[in-house]
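Visitor: Following this message is one structure expressed as structure tokens.
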Amino acid sequence: MLDVRWAREHPDALDAAMTKRGAEAVSAAVLALDTKRRSAQTRFQELQSARRDASKAIGQAKAKGEDASAAMAAVAKLKDDAAATEAEAKQASDALDALLATLPNPPADDVPPGANEDDNVFVRENGTPRAFAFEPKSHIDLGEPLGLDFEAGVKLSGARFAAMRGQIARLERALAHFMLDLHVQEHGYAEVRPPILVRSEAMYGTGQLPKFEEDSFQTTDGRWLIPTAEVPLTNLAADTSFEPADLPLRYVAHTPCFRSEAGAAGKDTRGLIRMHQFDKVEMVSIVSADQSEAELERMTAAAETVLQRLELPYRVLLLCAGDMGFGARKTYDLEVWVPFQNKYREISSCSTCGDFQARRMGARVRRTEGKGTDFVHTLNGSGVAVGRAMVALLENHQREDGSIGIPAALQPYLGGMTELTSGQG
RNA sequence: GGAGAGGUGCCAGAGUGGUUGAAUGGGGCGGUCUCGAAAACCGUUAAGGGUGCAAGCCCUUCGAGGGUUCGAAUCCCUCUCUCUCCGCCA
Numbered sequence: 190m191l192d193v194r195w196a197r198e199h200p201d202a203l204d205a206a207m208t209k210r211g212a213e214a215v216s217a218a219v220l221a222l223d224t225k226r227r228s229a230q231t232r233f234q235e236l237q238s239a240r241r242d243a244s245k246a247i248g249q250a251k252a253k254g255e256d257a258s259a260a261m262a263a264v265a266k267l268k269d270d271a272a273a274t275e276a277e278a279k280q281a282s283d284a285l286d287a288l289l290a291t292l293p294n295p296p297a298d299d300v301p302p303g304a305n306e307d308d309n310v311f312v313r314e315n316g317t318p319r320a321f322a323f324e325p326k327s328h329i330d331l332g333e334p335l336g337l338d339f340e341a342g343v344k345l346s347g348a349r350f351a352a353m354r355g356q357i358a359r360l361e362r363a364l365a366h367f368m369l370d371l372h373v374q375e376h377g378y379a380e381v382r383p384p385i386l387v388r389s390e391a392m393y394g395t396g397q398l399p400k401f402e403e404d405s406f407q408t409t410d411g412r413w414l415i416p417t418a419e420v421p422l423t424n425l426a427a428d429t430s431f432e433p434a435d436l437p438l439r440y441v442a443h444t445p446c447f448r449s450e451a452g453a454a455g456k457d458t459r460g461l462i463r464m465h466q467f468d469k470v471e472m473v474s475i476v477s478a479d480q481s482e483a484e485l486e487r488m489t490a491a492a493e494t495v496l497q498r499l500e501l502p503y504r505v506l507l508l509c510a511g512d513m514g515f516g517a518r519k520t521y522d523l524e525v526w527v528p529f530q531n532k533y534r535e536i537s538s539c540s541t542c543g544d545f546q547a548r549r550m551g552a553r554v555r556r557t558e559g560k561g562t563d564f565v566h567t568l569n570g571s572g573v574a575v576g577r578a579m580v581a582l583l584e585n586h587q588r589e590d591g592s593i594g595i596p597a598a599l600q601p602y603l604g605g606m607t608e609l610t611s612g613q614g
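Here you go:
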């Protein structure tokens, strides 16, 4: 949710921000509703004030035993007028909120313009794609002998589901635990096991609702399967006023994520890249405004460490305005090299949301000086997507015989194994 | 699933129709005292919004939404959440 006062004072900036994102200019509509709301509210307040004074006078008169029937009749008119004006104000206010709830976060100034992923800006890279002396196989062909079972996924659940067995199952677990330990032990994140079914309020807080209802799965009792642990982790801060000393808060969680992939028909239909259910290690930071810029760099670096330790080549991109998520103010994507596809694929997305989510969920921090509170800033980043890390690991570390070399950092999580071969358990 | 209790300020906890945004205690902050600290004492301490150059004035908020009333934290209805007991259960 953007700040309506900012919109009121900078209508041109609002339109520029929306246009930069490829959305419609809305300042005229926002300002019209805002003006209507404030005018009705002011009139209501004047009527209400008069009404309260009149009622108090009646109370005092009655206390003295005087007759107050004339005053009581007079106040009835005020009451009707006040109620009508209040309804008018509420209607305008609700309409304004409904509109604001659908507007994406204005991009930061240093976010490059652009319509889609073609306009993202290269920032840096690490490692170089390996030159294979043989034709590299896909993670599907490599994984199936090791226990990656797409047939079982289809049988049990349908397309975009997979079962993992044996070594692949263990590898998935090892990857997740490695990432979790890394962020907890070296990056100062607090481990959380959040609920993965959440209320609509939580989905609204992080921005999945009201606009992207069709992207997530909902239970019959109205709860939502989280599309990312960003939802429960960030909403831990909802309805809270922090002391400055409480911040920054850093959370990390390993959870399944569920996405309907409604708009992705036909994309990545084979393999593990795009599933309805996948595991992800997610980082969330709750910080004060002055900390948020540095925190985004820190979080991105933490995600990069995962890929470095797994010895996977990757690059970092700064997303253009048109490719950013709804709630993001600035986003870095990490793309890992996928040999079989011969291209880089997204494996992590680290974003600062500024105060956009905080305003939706009521997450505040007291000012260090003076009275009052400010909204906190929230950040989230994958650290990283486990299924896609598995894809990258299998393909990048494959050998000609189909076995998979295990990077040193991961070996302790696999009982010291240095490779996976189809002959093993 | 059955039965019951309850949601009040940073926390605990009063308050069942009339200047109650709300007693009291704790905590926080400021001060007195002290070489310093503790203790004691004094003072202070909600958020959001409207209006205004400002000081200020005003409105809203006692889980949420409706209703009764001249007047609601207090009465009524609906919803929601929490807790307790019983049942069931990984």
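With the first letter of the first sequence counted as 1, position 71 gets the number 260 in my numbering; the numbers rise by one all the way through.
Note that beta-carbon positions come from the ideal geometry of N, C-alpha and C, so glycine has one too.
Gly342 and Leu583 - do their beta-carbons sit closer together than 9 Å?
Guide: In the first sequence, counting from the first residue as 1, residue 583 sits at position 394. In the first sequence, counting from the first residue as 1, residue 342 sits at position 153. No; because the gap between Cβ atoms is not below 9 Å, this pair is not in contact.
Visitor: Straight-line CA distance for Met488 to Leu438?
Guide: Position 299 of the first sequence, counting from 1, holds the residue named residue 488. Position 249 of the first sequence, counting from 1, holds the residue named residue 438. Approximately 12 Å, taken between the alpha carbons.
Visitor: Spatial neighbours of Ser481 within its chain, please: C-beta separation below 6 Å, excluding the five flanking residues on both sides.
Guide: Looking up residue 481 in the first sequence gives position 292. Same-chain partners within the cutoff: Thr541 and His566.
Visitor: With H, G and I counted as helix, E and B as strand and the rest as coil, what does DSSP make of Met606?
Guide: Position 417 of the first sequence, counting from 1, holds the residue named residue 606. Here Met606 sits in coil by DSSP.
Visitor: Between the Cα of Ser611 and the Cα atoms of Ala276, Pro334 and Leu220, which residue gives the shortest distance?
Guide: Stepping through the first sequence from its first residue, residue 611 is reached at position 422. Ser611 has its Cα closest to that of Pro334, out of Ala276, Pro334 and Leu220.
Visitor: If you run the structure through DSSP and keep just helix, strand and coil, what is Leu501?
Guide: Here residue 501 is taken as the residue at index 312 of the first sequence, counted from 1. In this structure, Leu501 counts as coil in the three-state DSSP scheme.
Visitor: Provide the residue span of the beta strand (DSSP E) that contains Glu174, from first to last.
Guide: No answer is possible for residue 174: it lies beyond the span of the chain, which begins at 190 and ends at 614.
Visitor: Name the residue from Gly355, Ala478, Pro302 and Tyr378 whose alpha carbon lies nearest to the alpha carbon of Arg553.
Guide: The residue labelled residue 553 in the question sits at position 364 within the first sequence. The shortest Cα separation from Arg553 among Gly355, Ala478, Pro302 and Tyr378 belongs to Ala478.
Visitor: Is the beta carbon of Thr395 closer than 9 Å to that of Thr423?
Guide: Sequence index remark: in the first sequence, residue 423 carries index 234 (1-based). Sequence index remark: in the first sequence, residue 395 carries index 206 (1-based). Yes, the Cβ-Cβ distance between Thr423 and Thr395 is below 9 Å.
Visitor: Taking C-beta to C-beta, are Leu485 and Val300 nearer than 9 Å?
Guide: As a working mapping, residue 485 is identified with position 296 in the first sequence. As a working mapping, residue 300 is identified with position 111 in the first sequence. Contact: no.
Visitor: For Ala263, which option in Arg241, Tyr378 and Gly561 has the closest C-alpha, if you only look at C-alpha atoms?
Guide: Counting from 1 along the first sequence, the entry for residue 263 is found at position 74. Per the Cα distances, Arg241.
Visitor: Thinking C-beta only, is Ala427 closer than 9 Å to Leu499?
Guide: The residue you call residue 499 lines up with position 310 of the first sequence. The residue you call residue 427 lines up with position 238 of the first sequence. Not closer than 9 Å, so no.
Visitor: Contact between the segment 294-310 and the segment 196-213: three or more CB pairs below 8 Å?
Guide: yes
Visitor: Which residue's Cα is closest to the Cα of Ile329: Ile357, Ala379, Ser346 and Val420?
Guide: In the first sequence, counting from the first residue as 1, residue 329 sits at position 140. With distances taken between Cα atoms, Ile329 lies closest to Ile357.
Visitor: Could you round the C-beta distance between Val505 and Val312 to whole angstroms and report it? I think they count as a contact, below 8 Å.
Guide: As a first step, residue 505 is located in the first sequence; it is residue number 316 there, counting from the start. As a first step, residue 312 is located in the first sequence; it is residue number 123 there, counting from the start. Yes, Val505 and Val312 are in contact; Cβ-Cβ is about 4 Å, under 8 Å.
Visitor: In whole angstroms, what separates the C-alpha of Pro399 from that of Thr557?
Guide: As a first step, residue 399 is located in the first sequence; it is residue number 210 there, counting from the start. As a first step, residue 557 is located in the first sequence; it is residue number 368 there, counting from the start. For Pro399 and Thr557, the distance between alpha carbons rounds to 34 Å.
Visitor: Can you have a look at Gln546 and say buried or exposed, based on whether 16 or more other CB atoms are within 10 angstroms of its CB?
Guide: Within the first sequence, numbered from 1, the residue matching residue 546 stands at position 357. Gln546 is buried by the Cβ-count criterion.
Visitor: Name the one or two DSSP bridge partners that His566 has.
Guide: Residue 566 sits at position 377 when you count from the first residue of the first sequence. Answer is Val476.
Visitor: Find out if the Cβ-Cβ distance for the pair Arg226, Ala278 is shorter than 9 Å.
Guide: On the first sequence, position 37 is the one that residue 226 refers to. On the first sequence, position 89 is the one that residue 278 refers to. In contact: Arg226 and Ala278 (Cβ atoms closer than 9 Å).
Visitor: List the endpoints of the continuous beta strand (DSSP E) containing Pro601.
Guide: On the first sequence, position 412 is the one that residue 601 refers to. Neither: Pro601 is in no beta strand (DSSP E) and is coded neither H nor E.
Visitor: Of the choices Ala379, Ala250, Ala272 and Leu603, whose alpha-carbon is the least far from that of Glu471?
Guide: Here residue 471 is taken as the residue at index 282 of the first sequence, counted from 1. Closest by alpha carbon: Ala379.
Visitor: Between Gln546 and the ligand HEM, is the CB less than 8 Å from at least one heavy atom?
Guide: Absence of the ligand HEM is noted for the structure shown, with no ligands found whatsoever.
Visitor: Measuring straight from C-alpha to C-alpha, what distance separates Glu524 and Arg463?
Guide: As a first step, residue 524 must be located in the first sequence, where it is residue number 335. As a first step, residue 463 must be located in the first sequence, where it is residue number 274. Near 15 Å, if we compare the C-alpha coordinates of Arg463 and Glu524.
Visitor: Suppose you measure from the CA of Gln600 to the CA of Gln407; what does that come to, to the nearest Å?
Guide: As a position in the first sequence, residue 600 is number 411, starting the count at 1. As a position in the first sequence, residue 407 is number 218, starting the count at 1. C-alpha separation (whole angstroms): 38 Å.
Visitor: Please determine, among Leu568, Met606, Phe367 and Leu288, the residue with the shortest C-alpha to C-alpha distance to Ala164.
Guide: The structure shown has nothing for residue 164, since the chain only spans 190 to 614.
Visitor: Assuming Val495 contacts Val420 under a Cβ cut-off of 8 Å, what Cβ separation, rounded to an integer in Å, is found between them?
Guide: The residue given as residue 495 occupies position 306 in the first sequence. The residue given as residue 420 occupies position 231 in the first sequence. Not quite, the Cβ-Cβ distance comes to about 21 Å (not below 8 Å), so this is no contact.
Visitor: Taking the CB atoms as reference points, tell me whether Glu361 and Gly576 lie closer together than 9 Å.
Guide: Taking the first sequence and counting its residues from 1, one reaches residue 361 at position 172. Taking the first sequence and counting its residues from 1, one reaches residue 576 at position 387. In contact: Glu361 and Gly576 (Cβ atoms closer than 9 Å).
Visitor: Here's a check: name, in chain order, each residue in its chain whose Cβ is nearer than 6 Å to the Cβ of Pro318, leaving out the five neighbours to either side.
Guide: Sequence index remark: in the first sequence, residue 318 carries index 129 (1-based). Taken in chain order, the residues that qualify are Pro502 and Trp526.
Visitor: Judging by CA-CA distance, which residue of Arg518, Ala287, Phe323 and Gln237 is the nearest neighbour of Glu589?
Guide: Translated into the one-based positions of the first sequence, residue 589 becomes position 400. Taking only the C-alpha atoms, the option nearest Glu589 is Phe323.
Visitor: Would Val193 be called buried (16 or more neighbouring beta carbons within 10 Å of its own) or exposed?
Guide: By 1-based counting over the first sequence, the position of residue 193 is 4. Answer is buried; the Cβ neighbour count reaches 16.
Visitor: At the level of alpha carbons, what is the spacing between Ala196 and Ala205?
Guide: Within the first sequence, residue 196 is the residue found at index 7, counting from 1. Within the first sequence, residue 205 is the residue found at index 16, counting from 1. Approximately 11 Å, taken between the alpha carbons.
Visitor: Identify every residue that forms a DSSP beta bridge with Phe447.
Guide: By 1-based counting over the first sequence, the position of residue 447 is 258. DSSP, once it has assigned bridges, lists Gln466 as partnering Phe447.
Visitor: What is the rounded straight-line gap between the Cα of Met392 and the Cα of Leu285?
Guide: In the first sequence, counting from the first residue as 1, residue 392 sits at position 203. In the first sequence, counting from the first residue as 1, residue 285 sits at position 96. If you take the alpha carbons of Met392 and Leu285, they lie about 20 Å apart.
Visitor: Since Cys539 and Gly570 should fall inside the 8 Å C-beta cutoff, what is the C-beta to C-beta distance between them, to a whole number of angstroms?
Guide: In the first sequence, counting from the first residue as 1, residue 539 sits at position 350. In the first sequence, counting from the first residue as 1, residue 570 sits at position 381. Sure, about 3 Å apart at Cβ, within 8 Å.
Visitor: Could you tell me if Asp201 is buried or exposed, where buried requires 16 or more neighbouring beta carbons within 10 angstroms of its beta carbon?
Guide: Locating residue 201 in the first sequence gives position 12, where the first residue counts as 1. Exposed, by the Cβ-count rule.
Visitor: For Gly303, which residues in the same chain have their Cβ closer than 8 Å to its Cβ, ignoring the five residues on either side in sequence?
Guide: Stepping through the first sequence from its first residue, residue 303 is reached at position 114. Around Gly303: Asn309, Cys509, Ala510, Gly511 and Asp512.
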